[in-house]
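Below is one structure, written out as structure tokens; the observations come after it.
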Amino acid sequence: MSQAPFARRELTVTGIDDLGAYRVMRVVDPAGERPHVPEPGQFAMIAAVERWGGGEDERPYLPRAFSFARHAEGQSHFLLEDVGPGTRRLCELRPGERVWALAPLGRGFTLEGGDLEQRRALLVGGGVGIAPLAILQDTLAQDPSRAPATVLLGFRERERAAGAALLRNARVATDDGSVGHHGLVTELLAQEIESDPHVAVYACGPAAMLEAVRALCELHEVPAQLALEAGMACGFGACYGCVVPRRGGGYLRVCLDGPVIDAAMLERVDEHAGGVGGTR
Amino acid sequence: MSVEFCGLELAHPIINGSGTFDAIAARQAFGDELLEHFPFAAYVSKTITLRPRAGNPAPRLWETPAGLINSIGLPNKGLDGYLNEDLPKLAEITAAAAARAPAELGAGRPVPLITNVMGASAEELSELVQACDRRAEIAAIELNVSCPNVATGLDIGADPLQLEAVVRAVRERSAKPLIVKLTPNTADVAACARAAERGGADAVSLINTLRATALAPRTRAPWLGGGTGGLSGAAIRAVALAQVAAVAARLAIPVIGMGGVQSSAHARELLDVGATLVAVGTESFRDPAAGARIARGLR
Numbered sequence: 004m005s006q007a008p009f010a011r012r013e014l015t016v017t018g019i020d021d022l023g024a025y026r027v028m029r030v031v032d033p034a035g036e037r038p039h040v041p042e043p044g045q046f047a048m049i050a051a052v053e054r055w056g057g058g059e060d061e062r063p064y065l066p067r068a069f070s071f072a073r074h075a076e077g078q079s080h081f082l083l084e085d086v087g088p089g090t091r092r093l094c095e096l097r098p099g100e101r102v103w104a105l106a107p108l109g110r111g112f113t114l115e116g117g118d119l120e121q122r123r124a125l126l127v128g129g130g131v132g133i134a135p136l137a138i139l140q141d142t143l144a145q146d147p148s149r150a151p152a153t154v155l156l157g158f159r160e161r162e163r164a165a166g167a168a169l170l171r172n173a174r175v176a177t178d179d180g181s182v183g184h185h186g187l188v189t190e191l192l193a194q195e196i197e198s199d200p201h202v203a204v205y206a207c208g209p210a211a212m213l214e215a216v217r218a219l220c221e222l223h224e225v226p227a228q229l230a231l232e233a234g235m236a237c238g239f240g241a242c243y244g245c246v247v248p249r250r251g252g253g254y255l256r257v258c259l260d261g262p263v264i265d266a267a268m269l270e271r272v273d274e275h276a277g278g279v280g281g282t283r
Numbered sequence: 019m020s021v022e023f024c025g026l027e028l029a030h031p032i033i034n035g036s037g038t039f040d041a042i043a044a045r046q047a048f049g050d051e052l053l054e055h056f057p058f059a060a061y062v063s064k065t066i067t068l069r070p071r072a073g074n075p076a077p078r079l080w081e082t083p084a085g086l087i088n089s090i091g092l093p094n095k096g097l098d099g100y101l102n103e104d105l106p107k108l109a110e111i112t113a114a115a116a117a118r119a120p121a122e123l124g125a126g127r128p129v130p131l132i133t134n135v136m137g138a139s140a141e142e143l144s145e146l147v148q149a150c151d152r153r154a155e156i157a158a159i160e161l162n163v164s165c166p167n168v169a170t171g172l173d174i175g176a177d178p179l180q181l182e183a184v185v186r187a188v189r190e191r192s193a194k195p196l197i198v199k200l201t202p203n204t205a206d207v208a209a210c211a212r213a214a215e216r217g218g219a220d221a222v223s224l225i226n227t228l229r230a231t232a233l234a235p236r237t238r239a240p241w242l243g244g245g246t247g248g249l250s251g252a253a254i255r256a257v258a259l260a261q262v263a264a265v266a267a268r269l270a271i272p273v274i275g276m277g278g279v280q281s282s283a284h285a286r287e288l289l290d291v292g293a294t295l296v297a298v299g300t301e302s303f304r305d306p307a308a309g310a311r312i313a314r315g316l317r
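Take a look at the structure:
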């Protein structure tokens, strides 16, 4: 696990590009590349340096959590969707403007250990949750001994499905059938597991999708790692706000024990688990 | 910039509010860099209760205009878990932080550990305080009195008579400095502060969070798993300033002021109205190094 420097850093936006319904924001650290390269599944707490708050309703106030979507040539990429005052403000940023970032945080995907390296990687994403699967695909592709990862992505409709271009060779499902398979991405996952159960699943997306992935993998005894989406106040274990119930009792902090959590540690993925009101 | 507080010599006047900075978690997230730039001159633990608590069901947070409502529910390992597992780790972190601190943050000066405890009766609080008294790692004890009394149902800290009696009973159990963390959810916070002083408190700290709630956008039912929560952040700064001023004007014992402090200028205001120390809370969520930034700015 990469640790974060003990300070939020002021990063410069180098690009912000439309990707269907989403935007890809690229940032660099003007102080230069430090030994804080993110691992797949790790995240950043991000806020705009200027005009963060002070808008309608005096929000946003807290930074927002984003998985690293890619990290290459000193640039970090994040996938944004305008769903609230925080994400809206970030979507407005232009190259040259600055953001505060505390990163890299959290536990990412585990790629080694047990027979994980022998299993074909199945990357399953939904909506804006596809972001950490892109950096995961990049990392897995660097290991020539591994079979290419299979990528299955689900979206609501065509405009969002354009986000699939963030990854290579993705099979797409849409709720309305406008692109790819007409139905749920978990239907594609079930087909893949039934045809070859020697797989390891890496998933990120909305709670309902992750719960379906968890249940399917449990049924077929397939190892699964779930990158949970959660609003957070701090991102480093201080506030205890982003908790999800742990199987067998107690809670896990998504920021510190996750965001990538072994599916076996969860009884189920609830819609409200890890939900932080207003922090979007 | 060093400051004396209840017989403790602190490198600067900035500490953390209880439950707003988990030093063990921060060590995991930031590694040794945490120790080299430890942001607080004394470290206050999260609230410890006699028995372990899992905390409230999710969701636990709601962002408000310039603030945050939390309904965390004081998750902790309980007294034994704290003393056996967490306290040695916290003592190691604060000792290393003191040794590695840069000159402007008080190189070499100890970072005392303050343990915050909560109980639903004078008996529970006494047991907690007595156990803390036996541990050399603990420099001072803070009482969280924002808890309903099991017998009366009233928040212990909201009623001056009840508060004075509880503090007096607890006071006998320890010679360590005893800080009473006052609740702002009361008719007359200065009267409660005076009651804590009469009961034998060595210092008071305020303000705790203000009771608040939020409705879920779709269902219109309370959003928070705990129903209501406590408001913190910039939204409460002016309230904090008024309450700290009112309390400091009437007390002979030192006051720890807190509430919405985000900058050295905000800390300076609390010091100007009579606080001896200033605690940073929600701002550490937005910037984990905020305490050090604010302390440097006070020099």
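Residue numbers (the working numbering), protein chains in the order written: chain A, 4 to 283; chain B, 19 to 317. Every residue, glycine too, gets a C-beta built ideally from N, C-alpha and C.
Should residue i go down as buried or exposed, given a rule of 16 or more other Cβ atoms within 10 Å for buried?
i	result
phenylalanine 303/B	buried
histidine 55/B	buried
threonine 153/A	buried
lysine 199/B	buried
alanine 144/A	exposed
proline 195/B	buried
glutamine 140/A	buried
leucine 172/B	exposed
glycine 277/A	Interpretation of glycine 277/A is limited by its pLDDT of 47, a score under 50 that renders its predicted location unreliable; no figure is taken from the coordinates.
arginine 60/B	Per the sequence shown, the amino acid found at residue 60/B is alanine instead of arginine. Counting Cβ neighbours within 10 Å, alanine 60/B comes out buried, since at least 16 surround it.
aspartate 104/B	buried
glutamine 121/A	exposed
asparagine 102/B	exposed
leucine 222/A	exposed
glycine 309/B	buried
leucine 233/B	exposed
Would you mind working out which of the options sits nearest residue i, comparing C-alpha positions?
i	options	result
glutamate 76/A	Arg67/A, Gly35/A, Gly261/A, Arg159/A	Gly35/A
serine 139/B	Leu131/B, Glu110/B, Gln180/B, Asp104/B	Gln180/B
isoleucine 298/B	Ile274/B, Arg317/B, Val291/B	Looking at the sequence provided, one finds valine at residue 298/B rather than isoleucine. For the residues Ile274/B, Arg317/B, Val291/B, the minimum Cα distance to valine 298/B belongs to Ile274/B.
glutamine 280/B	Val265/B, Pro272/B, Arg255/B, Leu242/B	Arg255/B
tryptophan 241/B	Ala215/A, Glu274/A, His184/A	Glu274/A
glycine 130/A	Glu120/A, Asp85/A, Ala7/A	Asp85/A
glycine 44/A	Asp118/A, Gly253/A, Asp21/A, Leu108/A	Leu108/A
alanine 253/B	Gly23/A, Phe9/A, Tyr64/A, His39/A	Tyr64/A
serine 63/B	Ala115/B, Arg127/B, Asn162/B	Asn162/B
phenylalanine 46/A	Gly117/A, Asp178/A, Phe81/A, Thr90/A	Phe81/A
arginine 73/A	Val31/A, Thr113/A, Glu100/A, Leu125/A	Val31/A
proline 202/B	Glu51/B, Gly277/B, Ile111/B, Ala307/B	Gly277/B
alanine 203/A	Glu195/A, Ala210/A, Pro209/A	Glu195/A
glutamate 182/B	Ala260/B, Gly218/B, Ala270/B, Glu122/B	Gly218/B
tyrosine 205/A	Glu197/A, Val216/A, Asp199/A, Ser198/A	Val216/A
alanine 157/B	Ala308/B, Pro130/B, Val296/B	Pro130/B
valine 40/A	Tyr25/A, Pro8/A, Ile19/A	Pro8/A
tryptophan 103/A	Thr113/A, Trp55/A, Ile49/A	Ile49/A
How far does the beta strand (DSSP E) with residue i in it extend, from its first residue to its last?
i	result
histidine 80/A	78 to 83
glutamate 13/A	12 to 22
glycine 275/B	273 to 276
valine 175/A	173 to 177
valine 262/B	It is not in any beta strand (DSSP E) - valine 262/B instead sits in the alpha helix (DSSP H) that spans 255 to 268.
leucine 53/B	Not the beta strand (DSSP E): leucine 53/B falls in the alpha helix (DSSP H), residues 51 to 54.
Can you tell me where the alpha helix (DSSP H) holding residue i begins and where it ends?
i	result
histidine 74/A	Note, histidine 74/A: premise wrong, no alpha helix (DSSP H); beta strand (DSSP E) at 73 to 75.
threonine 113/A	Careful: threonine 113/A lies outside any alpha helix (DSSP H) and carries neither H nor E.
lysine 194/B	No alpha helix (DSSP H) contains lysine 194/B, which DSSP labels as neither H nor E.
alanine 47/B	41 to 48
isoleucine 111/B	105 to 118
glutamate 42/A	Neither: glutamate 42/A is in no alpha helix (DSSP H) and is coded neither H nor E.
glycine 315/B	308 to 315
leucine 288/B	282 to 290
arginine 29/A	Where arginine 29/A is concerned, there is no enclosing alpha helix (DSSP H), although the beta strand (DSSP E) it sits in stretches over 25 to 31.
valine 15/B	Nothing about residue 15/B can be read from this structure; chain B reaches only from 19 to 317.
Answer yes or no: the CB of residue i versus the heavy atoms of the ligand FMN, is any distance below 8 angstroms?
i	result
alanine 209/B	Ligands in the displayed structure: none, and consequently the ligand FMN is not present.
message = Counting only Cβ-Cβ distances shorter than 8 angstroms, please list the residues of the region 48 to 60 of chain A near chain B, keeping chain order.
response = Ala50, Gly56, Asp60
task = Can you give me, in chain order, the residues of the region 187 to 217 of chain B that have a beta carbon less than 8 angstroms from any beta carbon in chain A?
result = none
request  = At 4 residues or longer, and completely inside the region 189 to 238 of chain A: list those alpha helix (DSSP H) runs for me, N to C.
outcome  = 210 to 222
message = What are the residues in the region 297 to 310 of chain B lying within 7 angstroms of chain C by C-beta distance?
response = No chain C is present in this structure, whose protein chains are A and B.
request  = Return the residues of the region 152 to 168 of chain B that lie within a Cβ-Cβ distance of less than 9 angstroms from chain A, sorted by chain order.
outcome  = none
message = Beta carbons nearer than 7 angstroms to chain A: which residues of the region 30 to 63 of chain B have them?
response = Thr38, Phe39, Asp40, Ala43, Ala44, Gln46, Ala47, Phe48, Gly49, Glu51, Leu52, His55
query = Of all the residues that make up the region 86 to 100 of chain B, which are near chain A by a beta-carbon distance shorter than 7 angstroms?
reply = Leu86, Asn88, Ile90, Pro93
query = Listed in chain order, which residues of the region 199 to 220 of chain A have Cβ atoms closer than 9 angstroms to some Cβ of chain B?
reply = If the cut-off is 9 angstroms between Cβ atoms, the region 199 to 220 of chain A has nothing near chain B.
Members of the region 245 to 268 of chain A near chain B, C-beta cut-off 9 angstroms = Cys245, Val246, Val247, Pro248, Gly252, Gly253, Tyr254, Arg256, Cys258, Leu259
ask   = Which ranges would you report for the alpha helix (DSSP H) in the region 202 to 249 of chain B if only whole runs of at least 4 residues count?
value = 207 to 217
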